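> Please see the structure below; I have some questions.
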Amino acid sequence: MNLSKIKIGDIPNKINAVIEIPYGSNIKYEIDKDSGAIMVDRVMASAMFYPANYGFIANTLADDGDPVDILVLNEYPIQAGAVIPCRLIGVLIMEDESGMDEKLLAVPNSKIDARYDNIKTYTDLPQATLNKIKNFFETY
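Residue numbers (UniProt numbering): 1 to 140.
Rendered as structure tokens:
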């Protein structure tokens, strides 16, 4: 996969997310930026799993030197390496050992899954979903 050819999209209504880790996985994958290969980074040794499809926005650069992170919130795993058009609904403000580490929050766009059309902002998500995300990143 040539990541440099993946367009960012039309922010905020359509943004193309490259998925690295499927929803429900306990394996952390990373896409090697040079080869495009999906690499196993590590297996989480606890009963935790990713609460959303986790990936990045190609051709962007966050403060940590990596592409901007994104969580695509839906009810099904998306294969690692897939690109999904989605719509931004918020941002998760986090800080790690190297500084700020924000993560965009998004839902699939209408063409992919119209069930999320009523979600306009992260506050429209079920509280249980927000709690899972919070717990995951507090524990991870």
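Think of the CB as a built atom: it goes at the ideal place given N, C-alpha and C, for glycine as much as any other residue. In this text the structure is predicted, and so the values were computed from the model without any measurement.
1. For residue 19, count the other beta carbons within 10 Å of its own beta carbon; 16 or more makes it buried, fewer makes it exposed. Which is it?
2. Taking the Cβ atom as the reference point for each residue, do residue 9 and residue 2 lie within a distance shorter than 9 Å?
3. Could you check whether the stretch 94-107 touches the stretch 59-67, counting it as contact only if at least three pairs of C-beta atoms, one from each stretch, sit closer than 8 Å?
4. Short of 6 Å in beta carbon distance, which residues of its chain neighbour residue 133, apart from the five on each side in sequence? Order them along the chain.
5. Would you list the one or two residues that DSSP bridges to residue 30?
6. By how many angstroms is the C-alpha of residue 44 removed from the C-alpha of residue 110?
7. Considering only residues of the stretch 71-99, which uninterrupted beta strand (DSSP E) runs meet the minimum length of 3 residues and lie entirely inside it, listed in chain order?
8. Would the beta-carbon of residue 49 fall within 9 Å of that of residue 69?
9. Kindly indicate which three-state DSSP category residue 20 falls into: helix, strand or coil?
Looking at the coordinates:
1. As a working note, residue 19 is residue 19 in the sequence shown. Burial call: buried.
2. As a working mapping, residue 9 is identified with position 9 in the sequence shown. As a working mapping, residue 2 is identified with position 2 in the sequence shown. No. Outside cutoff.
3. yes
4. Within the sequence shown, the letter at position 133 stands for residue 133. Answer for residue 133: 51, listed in chain order.
5. As a first step, residue 30 is located in the sequence shown; it is residue number 30 there, counting from the start. DSSP lists 39 as partners of residue 30.
6. Along the sequence shown, one-based indexing puts residue 110 at 110. Along the sequence shown, one-based indexing puts residue 44 at 44. In a straight line, the C-alpha of residue 110 is about 33 Å away from that of residue 44.
7. 83-92
8. As a working note, residue 49 is residue 49 in the sequence shown. As a working note, residue 69 is residue 69 in the sequence shown. Against a cut-off of 9 Å, the Cβ pair of residue 69 and residue 49 comes out as no contact.
9. Position 20 of the sequence shown holds residue 20. Three-state result, residue 20: strand.
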